[in-house]
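Respectively, the protein sequence lines represent chains B and H. Numbering-wise, the first sequence is residues 1 to 110 according to this note's numbering. Numbering-wise, the second sequence is residues 111 to 220 according to this note's numbering.
There are 2 protein chains.
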Amino acid sequence: MSREFKRGTIELVLLTLLGERERYGYEIVAAIEERSGGRLEVRDGTLYPVLYRLEEAGFVAPRWENPERGVPRKYYRITDEGKEEAKRLTAEWREFAAALDAILEREGKR
Amino acid sequence: MSREFKRGTIELVLLTLLGERERYGYEIVAAIEERSGGRLEVRDGTLYPVLYRLEEAGFVAPRWENPERGVPRKYYRITDEGKEEAKRLTAEWREFAAALDAILEREGKR
DNA sequence: TTGTAGTATCTTGTCATGCAAGATATCTTG
DNA sequence: CAAGATATCTTGCATGACAAGATACTACAA
Numbered sequence: 001m002s003r004e005f006k007r008g009t010i011e012l013v014l015l016t017l018l019g020e021r022e023r024y025g026y027e028i029v030a031a032i033e034e035r036s037g038g039r040l041e042v043r044d045g046t047l048y049p050v051l052y053r054l055e056e057a058g059f060v061a062p063r064w065e066n067p068e069r070g071v072p073r074k075y076y077r078i079t080d081e082g083k084e085e086a087k088r089l090t091a092e093w094r095e096f097a098a099a100l101d102a103i104l105e106r107e108g109k110r
Numbered sequence: 111m112s113r114e115f116k117r118g119t120i121e122l123v124l125l126t127l128l129g130e131r132e133r134y135g136y137e138i139v140a141a142i143e144e145r146s147g148g149r150l151e152v153r154d155g156t157l158y159p160v161l162y163r164l165e166e167a168g169f170v171a172p173r174w175e176n177p178e179r180g181v182p183r184k185y186y187r188i189t190d191e192g193k194e195e196a197k198r199l200t201a202e203w204r205e206f207a208a209a210l211d212a213i214l215e216r217e218g219k220r
């Protein structure tokens with residue numbers, strides 16, 4: 001899978017997944033792979049910086065959880081601004097995909 | 111339109127357009143904008159380097175045309191390898207879009 | 001009790017690529 | 001002749017995904 005296609009879509013994916021419920025980083029990596037049927041992979045080294053960007057932009061908010069047993073987890077929840085952004089990005093993505101399809105279209109019709 | 115979405119798709123667009131018929135750079139810029147309904151824009155400063163990459167990879171081949179009147183144009187035609195690559199990239203794109211849709215899906219159902 | 005594997009977060013450096021900005025040259029039109 | 005359109009090309013920059021590795025704790029087996 002060409003890695004370049006992913007550009008800019010990871011934020012959209014994260015906001016979508018966090019829009020459903022609170023999640024922590026390691027969990028998100030697995031969720032992406034599972035939900036995409038293994039077609040989409042995001043490394044954790046990629047994920048965390050994206051989460052920091054989203055946090056800095058005010059789209060998500062973190063919360064540490066220190067369980068009695070197990071490694072501490074940093075849970076992220078989406079903010080209201082994050083929900084707005086998710087909507088905006090989703091619309092933008094769909095428009096882009098439609099625009100690209102309009103170009104590939106004739107190829108598909110052959 | 112988030113510029114990042116375009117990443118990696120320009121080669122696919124070029125190979126698709128050149129797969130239809132021979133075209134020159136300046137013409138391609140206009141074709142992309144027209145075919146996408148103005149939703150997709152590619153600058154010529156972006157286009158030419160992509161064409162060189164495709165040429166170097168053997169996916170397209172250039173031909174200069176010096177008309178009696180008018181600025182010289184460099185026409186590109188697609189090669190057999192280019193057609194293969196176009197098919198490959200198209201399939202990859204569709205798979206990627208499907209994978210992303212699988213993640214956005216629930217959002218869309220709401 | 002040691003070592004190995006799993007869970008979980010984080011950082012650094014690198015690479016690819018789209019873009020802005022500008023250069024160049026020719027043709028057309030007023 | 002000037003201005004704008006046509007057409008190609010180059011340089012430098014910013015962004016972001018990734019590889020690779022560091023850290024640290026837990027769990028389990030030998």
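Idealized CB from N, CA, C, for every residue including glycine. Quick caveat: nothing in here was measured; it's all calculated off a predicted structure.
Residue i versus residue j: straight-line alpha-carbon distance, rounded
{"i": "B/Leu-97", "j": "B/Ile-28", "result": "Reading off the sequence, residue 97 of chain B comes out as Ala, not Leu. When rounded, the distance between both Cα atoms is 24 Å."}
{"i": "B/Trp-93", "j": "H/Tyr-158", "result": "26 Å"}
{"i": "B/Arg-53", "j": "B/Val-13", "result": "14 Å"}
{"i": "H/Gly-148", "j": "H/Ile-142", "result": "8 Å"}
{"i": "B/Glu-56", "j": "H/Ala-209", "result": "28 Å"}
{"i": "B/Glu-20", "j": "H/Gly-118", "result": "29 Å"}
{"i": "H/Gly-168", "j": "H/Leu-214", "result": "37 Å"}
{"i": "B/Gly-25", "j": "H/Lys-193", "result": "40 Å"}
{"i": "B/Glu-4", "j": "B/Arg-88", "result": "21 Å"}
{"i": "H/Val-181", "j": "B/Ile-78", "result": "54 Å"}
{"i": "H/Lys-184", "j": "H/Trp-174", "result": "4 Å"}
{"i": "H/Gly-155", "j": "H/Ala-140", "result": "14 Å"}
{"i": "B/Glu-22", "j": "B/Thr-90", "result": "19 Å"}
{"i": "H/Lys-116", "j": "H/Arg-179", "result": "35 Å"}
{"i": "H/Asp-190", "j": "B/Leu-40", "result": "29 Å"}
{"i": "B/Glu-95", "j": "H/Glu-205", "result": "17 Å"}
Nearest-angstrom Cβ-Cβ length linking residue i and residue j, presumed shorter than 8 Å
{"i": "H/Pro-177", "j": "H/Tyr-186", "result": "Between H/Tyr-186 and H/Pro-177 the Cβ distance is about 17 Å, and since that is not below 8 Å, they are no contact."}
{"i": "H/Ala-257", "j": "B/Arg-35", "result": "No information on residue 257 of chain H is available, as it lies outside the stretch 111 to 220 that chain H covers here."}
Residue-level contact to chain H via CB, residue i, 8 Å cutoff
{"i": "B/Ile-30", "result": "For clarity, residue 30 of chain B is Ala in the given sequence; the question names Ile instead. Taking Cβ atoms only, chain H never reaches closer than 8 Å to B/Ala-30, which makes this a no."}
{"i": "B/Gly-82", "result": "no"}
{"i": "B/Phe-96", "result": "yes"}
{"i": "B/Trp-64", "result": "no"}
{"i": "B/Phe-59", "result": "no"}
{"i": "B/Ala-99", "result": "yes"}
{"i": "B/Gly-25", "result": "no"}
{"i": "B/Val-13", "result": "yes"}
{"i": "B/Thr-16", "result": "yes"}
C-beta atoms of residue i and residue j nearer than 8 Å
{"i": "H/Leu-127", "j": "H/Glu-195", "result": "no"}
{"i": "B/Ile-10", "j": "B/Val-50", "result": "yes"}
Per DSSP, cross-strand counterpart(s) of residue i
{"i": "B/Pro-62", "result": "B/Tyr-76"}
{"i": "B/Tyr-24", "result": "B/Tyr-75"}
Short CB-CB distance (under 8 Å) between residue i and chain B
{"i": "H/Arg-149", "result": "yes"}
{"i": "H/Ala-212", "result": "yes"}
{"i": "H/Glu-132", "result": "no"}
{"i": "H/Arg-153", "result": "no"}
{"i": "H/Glu-114", "result": "yes"}
{"i": "H/Arg-187", "result": "no"}
{"i": "H/Leu-161", "result": "no"}
{"i": "H/Arg-200", "result": "According to the sequence shown, residue 200 of chain H is Thr rather than Arg. Yes, H/Thr-200 counts as interfacial toward chain B."}
{"i": "H/Gly-180", "result": "no"}
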